[in-house]
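A.B. asks: In the numbering used here, the protein residues as written are 16 to 184.
Note that the Cβ used here is the ideal one computed from N, Cα and C, for glycine as well.
Source: prediction; values computed, not measured.
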Amino acid sequence: METILNYFETIPSSHRSALLVLGITFFWLLEGAVPLFRFKYKKWRHALPNFFFTLTTIIINFALAFLLLKSSDWVAANDFGIINWITGMPLWLYVLLGVLLMDLIGAYLAHYVEHKVKPLWMIHLVHHTDHEVDTTTANRHHPIESLIRFAFTLLGVFIVGAPIGIVML
16 METILNYFET IPSSHRSALL VLGITFFWLL EGAVPLFRFK YKKWRHALPN
66 FFFTLTTIII NFALAFLLLK SSDWVAANDF GIINWITGMP LWLYVLLGVL
116 LMDLIGAYLA HYVEHKVKPL WMIHLVHHTD HEVDTTTANR HHPIESLIRF
166 AFTLLGVFIV GAPIGIVML
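#1: For Arg164, count neighbouring C-beta atoms within 10 Å of its own C-beta (all shown protein chains included) and say buried if the count is 16 or more, exposed if not.
#2: For Val175 and Ile98, which I take to be in contact (beta-carbon distance under 8 angstroms), what is that distance rounded to the nearest angstrom?
#3: Tell me the DSSP secondary structure of Asn76 in three-state form.
#4: Measuring only the C-alpha atoms, how far is Leu111 from Ala62?
#5: Using the C-alpha atoms, what's the distance from Ile179 back to Gly113?
#6: Assuming Phe68 and His156 are in contact, meaning their beta carbons sit under 8 angstroms apart, how far apart are those beta carbons, in whole angstroms?
#7: Output needed for Ser87: all residues of its chain with C-beta closer than 7 angstroms, excluding positions within five of it in sequence on either side, in chain order.
#8: Pull up the CB-CB distance for Ile160 and His143, whole angstroms please, since I reckon it's below 8 angstroms.
#9: In terms of alpha-carbon separation, which member of Tyr127, Leu108, His130, Ala153 lies closest to Leu20?
#10: Classify Glu129 as buried or exposed, calling it buried when 16 or more other Cβ atoms lie within 10 Å of its own Cβ.
#11: List the whole-angstrom C-beta distance separating Leu169 from Leu82, where the pair is believed to meet the contact cut-off of C-beta under 8 angstroms.
And the structure:
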């Protein structure tokens with residue numbers, strides 16, 4: 016467990032990029048080979064706009080990665096955040112609790128708020144207006160939504176006290 020956490024704390028950018036590209040490619044090919052539903056559309060033609068949105072998300076996240084890294088380093092160095100205030104936790108519980116809380120704040124809460132706050136819903140609609148939902152839909156986000164989700168992730172880092180290894184998981 017510690018080896019995995021250490022890897023994700025020092026993961027090279029090329030590995031991060033490869034994980035993203037290979038993950039999207041694997042699931043895109045899998046759903047083409049073993050589809051849950053059959054749609055009458057050309058996968059490449061449908062995927063191109065979604066790949067554009069994925070690219071904008073990558074550019075925004077890359078530009079803000081330094082802030083995320085510095086914040087997660089700061090909370091770890093200053094024992095700040097929920098998981099740092101609970102002492103005596105085994106590493107596996109520390110990681111599990113950190114990942115679950117980060118997912119709750121950085122993903123679920125962000126998504127919930129985007130559905131409930133009308134101006135954010137209007138931005139989030141870019142994701143929900145994809146008529147043929149597939150793997151590429153997961154990264155179909157308006158560039159402003161990428162900033163909103165980043166803000167929630169950053170908030171999660173401070174509340175949870177997540178080091179970069181947990182953020183990357």
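C.D. replies: Here's the rundown:
#1: On the sequence shown, position 149 is the one that residue 164 refers to. Burial is judged here by how many other beta carbons sit within 10 angstroms of a residue's own beta carbon; Arg164 has at least 16 and is buried.
#2: As a position in the sequence shown, residue 175 is number 160, starting the count at 1. As a position in the sequence shown, residue 98 is number 83, starting the count at 1. Yes, Val175 and Ile98 are in contact; Cβ-Cβ is about 6 angstroms, under 8 angstroms.
#3: As a first step, residue 76 must be located in the sequence shown, where it is residue number 61. It is helical.
#4: Your numbering for residue 111 matches position 96 in the sequence shown. Your numbering for residue 62 matches position 47 in the sequence shown. Cα to Cα, Leu111 sits roughly 34 angstroms from Ala62.
#5: Walking along the sequence shown from the start, residue 113 turns up at place 98. Walking along the sequence shown from the start, residue 179 turns up at place 164. Cα to Cα, the separation comes out at about 11 angstroms.
#6: By one-based count along the sequence shown, residue 68 stands at place 53. By one-based count along the sequence shown, residue 156 stands at place 141. That belief holds up - the Cβ atoms of Phe68 and His156 are roughly 6 angstroms apart, short of 8 angstroms.
#7: Taking the first residue of the sequence shown as 1, we reach residue 87 at position 72. Around Ser87: Val172, Ala177, Pro178, Ile179, Val182.
#8: Taking the first residue of the sequence shown as position 1, residue 160 is located at position 145. Taking the first residue of the sequence shown as position 1, residue 143 is located at position 128. This sequence places Glu at residue 160; Ile is not what is there. Between His143 and Glu160 the Cβ distance is about 11 angstroms, and since that is not below 8 angstroms, they are no contact.
#9: Stepping through the sequence shown from its first residue, residue 20 is reached at position 5. Residue Leu108 is the option with its Cα nearest to Leu20.
#10: Here residue 129 refers to the residue found at position 114 of the sequence shown. Residue burial annotation: Glu129 is buried, with at least 16 other C-beta atoms found within 10 angstroms of its C-beta.
#11: Sequence index remark: in the sequence shown, residue 169 carries index 154 (1-based). Sequence index remark: in the sequence shown, residue 82 carries index 67 (1-based). Leu82 and Leu169 do touch by the CB rule: their CB atoms are close to 7 angstroms apart, below 8 angstroms.
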